[in-house]
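> Top to bottom, those sequences are chains A and B.
The first sequence lines up with residues -14 to 309 when you count with the working numbering.
The second sequence lines up with residues 10 to 324 when you count with the working numbering.
Just so it is clear, CB atoms sit at the ideal spot from N, CA and C, and this is done for glycine as well.
Source: prediction; values computed, not measured.
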Amino acid sequence: MALLDIRDLDLRIARGRELLPVVQGVSLAVEENETLGIVGESGCGKSLTALAIMGLLEGSVVRIAGGSVHFRGRDLLALSPDERRRVMGDQMAMIFQEPMTSLNPVYRVGDQIREAILQHRRMSRKQARDRALDLLELVRIPDPLRRIDSFPHQMSGGQRQRVMIAMALACDPKLLIADEPTTALDVTVQKEVLELMRSLQARNGMSIVLISHDLGVVSEICDKVAVMYRGKIVEQASTSTLFSNMSHPYTLGLLGSIPSTDHDVEWLDAIPGRVPTLDEAVPGCAFHPRCFAANESCRSADPSASAVSPAHIVRCHFPQGSSS
Amino acid sequence: MLNYALNRVLTLVPTLLAASFLVFMFIHLIPGDPASILLGDTATPEEVAELSRELGLDEPLWTQYVLWLGNVLQGDLGTSVFFREPVLSVIADGAETSVLLATMTMFWIVVFGVPIGIISAIRHGSWVDQATSGGAMLFASVPTFWLGLYLILIFSVGLGWFPSSGFPSLADEGGASNLRYLVLPSLTLAAPNAALIIRLIRASMLDVSREDHVRTARAKGLHPVRVAIRHVFRNALIAVSAAFGFTFAALVSEAVVTETVFSLPGIGRLVVQSILRRDYPVIQGVILIIVVFYMAINLLVDLAYASLDPRVSLK
């Protein structure tokens, strides 16, 4: 049984009287110790999916309209808010895209980590502080004994993200959800943070859901990848399969948009057009207005998900790799 | 921090000079002079001139100002024309009432305003929020003289729980129990001010609750009430602390209407009456002290900022 098993997740956003679909029929599974990458452009629904898994949509304009999220055999969507909170921050933790603003500016980082520990573990404040110190050491913050009493504004973005990771690991979660954890960081710091996440995963034995718009990052640390476009998963496969046999035109477009660091290119092969807004109805396949392979059938019928090979699912009328 | 405070006290000097000069000149623009008001309608011009000379009012304005300033620098604010008492002791009498009244008012604001503000922020959009917001608007709009009179009608005349007017000093007979004279006026003053604090706390908590670090707090699995108090309110307090300071300052110096309704010998009423009596030394003295008081509150607000927000450092 998978650690995390999402079936047909439907999310809708309240817009006036209407409920517009933002995530539709998303099914994902994450095994223990596995890393799943969810990739897509801004607004494709990947972050909302992450927030839905974590249980942070409550109080927002986004509603869960259907589906199930089974975590360690229990449907999280069926839990009471109290039961749900016992999972959050304990067996499941999350780090965010904005390290600069994700820590509370008025408390020392050590106290913020300690709060995460004491919420779920019975121990003295002294023990919790020692644990926080260990965590800071674990995420390789230099001079943790001094840093534990620093305020967030006294730290760099990379260090704050390390503190966020330390906080997320406070209770040794089985699942870490990382929503664009390196996007706001310098390239060199990005590498360090990814490296850190990978080593912590090996050490603690946890699964990771990594949300990213960057196929490069995903290819480096994920075991499998789901590509999302406009609220739906358009391609899903193991990382090696996906990169050797990309089938969805959108996935190919994403890969083409990565600037090469090996040689200079004048033009990036960016995907033409833009993601349609929520209230724009697109008949047929949501990607067809931007797709190089689109024809009449793409304009009229939305393709269903089909397996081009075992464990390689594509939502496209004309999957690329298999036919060529 | 100490350096900062010292610096601030030094900047007080030019501000005070400017304020005292302006006040001095403005007062003398008011038609009528203390001598003729003291002596009444029946006084002959000779008597008025005689008294003016006695009070030093026949000198040129510049000379009067410099003389006054010289005395102030030696700690002498002069003598009240009306009371024939040192200005300092006249102000001290009023200050006791005003500071106690303002303190009691702040007490009500904190006891009622803060929790209601927090609750309406936590339950924003619910009927609780609608009710408190509506109530706050109502209390913010009701004139204090109307509310004061109704409180007197109900709690003094009707129920006889509290006295309706006056305030004997705590040093007089009755001691601390004289504070009961301030209950109704402080409630009257608290109503509109608490309403504003409620709105302010609600608005700044809603602002803070949209910040990323609140999402982090929720992701830890904290109870929503803990998130609201420890994370949201604690940050909202930074913005609200300034309002507390200035509300207190205004309560001490500007509670004229309430002081009048309850016949309290406070600072606000002292200023207004002194202006009517053309009691120049008292007006000047009070305004000078109010300026110092406002600047002290300002300094306290800055110190509060620095202690509430670690990102602020005072230099």
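1) Contact criterion: CB-CB distance below 8 Å. Does Val194(A) meet it with respect to chain B?
2) So which residues on chain B does Gln104(A) lean against when the C-beta distance must stay under 8 Å?
3) How would you label Lys111(A), buried or exposed, when you count the other beta carbons within 10 angstroms and need 16 or more for buried?
4) Please classify Thr20(A): does DSSP put it in a helix, a strand, or coil?
5) Around the C-beta of Ser285(A), are 16 or more other C-beta atoms found within 10 angstroms, so that it is buried, or is it exposed?
6) Rounded to whole angstroms, how far is the Cβ of Ala153(A) from the Cβ of Ile133(A), which I believe are closer than 8 Å?
7) For Ile126(A), which residues in the same chain have their Cβ closer than 8 Å to its Cβ, ignoring the five residues on either side in sequence?
8) Would you say Glu100(A) reaches chain B, if we count a Cβ-Cβ gap shorter than 8 Å as a contact?
9) Using a Cβ cut-off of 9 Å, pull out every chain B residue sitting near Gly143(A), in sequence order please.
10) What would DSSP say about Lys217(A), mapped onto helix, strand or coil?
11) Cα separation between Val310(B) and Ala259(B)?
12) Using the beta-carbon of each residue, which ones in chain A are nearer than 7 Å to Asp3(B)?
13) Output, in chain order, the set of chain B residues within a Cβ distance shorter than 7 Å of Gly74(A).
14) Please state if the CB of Phe257(B) and the CB of Ile306(B) are separated by a distance shorter than 8 Å.
15) Considering just the uninterrupted stretch of the alpha helix (DSSP H) at Ser195(B), what are its terminal residues?
16) Between which two residues does the alpha helix (DSSP H) harbouring Arg278(B) extend?
17) Based on Cα-Cα distance, which residue from Gly184(B), Arg224(B) and Val123(B) lies nearest to Ala245(B)?
18) Using the Cβ count rule (16 or more neighbours within 10 Å means buried), how would you classify Ser225(A)?
19) Does the beta carbon of Ser308(A) come closer than 8 Å to any beta carbon on chain B?
20) Using a Cβ-Cβ cut-off of 8 Å (strictly less than) and excluding sequence neighbours within five positions of Leu179(B), which residues of its own chain qualify?
21) Could you run through the stretch 304 to 320 of chain B and flag, in chain order, every residue whose CB is less than 8 Å away from some CB of chain A?
22) Please compile the residues from chain A whose C-beta is within a distance smaller than 9 Å of the C-beta of Arg211(B).
23) What span of residues does the alpha helix (DSSP H) with Ile39(B) cover, start to end?
24) I need the straight-line Cα distance from His222(B) to Phe121(B), nearest angstrom please.
25) List the residues of chain B that Leu61(A) touches, going by C-beta distances under 9 Å, in chain order.
26) Starting from Glu3(A), follow its DSSP beta bridges and name the residues at the other end.
Reading it off the structure:
1) Within the first sequence, the letter at position 209 stands for residue 194(A). False, the Cβ-Cβ gap to chain B never drops below 8 Å.
2) Taking the first sequence and counting its residues from 1, the one referred to as residue 104(A) is at position 119. Under the 8 Å cutoff, chain B gives Lys229, Gly230 and Leu231.
3) Along the first sequence, read from residue 1 onward, the residue named residue 111(A) stands at position 126. Per the 10 Å Cβ criterion, exposed.
4) Position 35 of the first sequence holds residue 20(A). In the structure shown, Thr20(A) sits in a strand (DSSP, three-state: E or B).
5) Locating residue 285(A) in the first sequence gives position 300, counting from the first residue. When all chains shown are included, Ser285(A) counts as exposed.
6) On the first sequence, residue 153(A) is found 168 positions in, with the first residue counted as 1. On the first sequence, residue 133(A) is found 148 positions in, with the first residue counted as 1. Actually they do not touch by this definition, with Cβ atoms about 17 Å apart.
7) Sequence index remark: in the first sequence, residue 126(A) carries index 141 (1-based). Arg132, Gln144, Arg147, Val148 and Ala151, listed in sequence order.
8) Translated into positions along the first sequence, residue 100(A) becomes position 115. Yes, Glu100(A) lies at the interface with chain B (some Cβ there is under 8 Å from its Cβ).
9) Here residue 143(A) refers to the residue found at position 158 when the first sequence is read from its first residue. Correct list: empty, because the minimum Cβ distance to chain B is about 17 Å.
10) Taking the first sequence and counting its residues from 1, the one referred to as residue 217(A) is at position 232. Strand, per DSSP.
11) One-based indexing of the second sequence puts residue 310(B) at position 301. One-based indexing of the second sequence puts residue 259(B) at position 250. So the two alpha carbons sit approximately 14 Å from each other.
12) In the structure as shown, chain B begins at 10 and stops at 324. Residue 3(B) is therefore absent and cannot be evaluated.
13) Taking the first sequence and counting its residues from 1, one reaches residue 74(A) at position 89. Within 7 Å Cβ-Cβ: Ala228, Lys229 and Gly230.
14) The residue you call residue 306(B) lines up with position 297 of the second sequence. The residue you call residue 257(B) lines up with position 248 of the second sequence. Result yes, Cβ atoms of Ile306(B) and Phe257(B) sit closer than 8 Å.
15) Start at 1 with the first residue of the second sequence, and residue 195(B) comes out as number 186. Note, Ser195(B): alpha helix (DSSP H), Val192 to Ser218.
16) For this step, residue 278(B) is matched to residue 269 along the second sequence. Ile276 to Leu285 is the span of the alpha helix (DSSP H), which, as asked, contains Arg278(B).
17) Position 236 of the second sequence, counting from 1, holds the residue named residue 245(B). When only C-alpha atoms are compared, the closest one is Val123(B).
18) If you number the first sequence from 1, residue 225(A) lands on position 240. Burial call: exposed.
19) What you label residue 308(A) is simply residue 323 of the first sequence in a count that begins at 1. Since pLDDT at Ser308(A) reaches only 43, below the 50 mark, its modelled position is unreliable, and the value read off the structure follows with that caveat. No, no contact with chain B.
20) As a first step, residue 179(B) must be located in the second sequence, where it is residue number 170. Excluding residues within five positions, the ones whose Cβ falls inside 8 Å are Glu105, Leu109, Ala185, Asn187 and Leu188.
21) Leu317, Asp318, Pro319 and Arg320
22) Indexing the second sequence from 1 puts residue 211(B) at position 202. Near Arg211(B) there are no residues of chain A at all, since even the closest Cβ is about 16 Å away, more than 9 Å.
23) The residue you call residue 39(B) lines up with position 30 of the second sequence. Looking at the DSSP string, Ile39(B) is not in any alpha helix (DSSP H), and its letter there is neither H nor E.
24) Taking the first residue of the second sequence as 1, we reach residue 222(B) at position 213. Taking the first residue of the second sequence as 1, we reach residue 121(B) at position 112. Spanning the two alpha carbons is a distance of roughly 28 Å.
25) Within the first sequence, numbered from 1, the residue matching residue 61(A) stands at position 76. By Cβ distance, chain B contributes nothing, its closest Cβ being about 13 Å from Leu61(A), past 9 Å.
26) Residue mapping note: residue 3(A) aligns to position 18 of the first sequence, counting from 1. Answer is Arg0(A).
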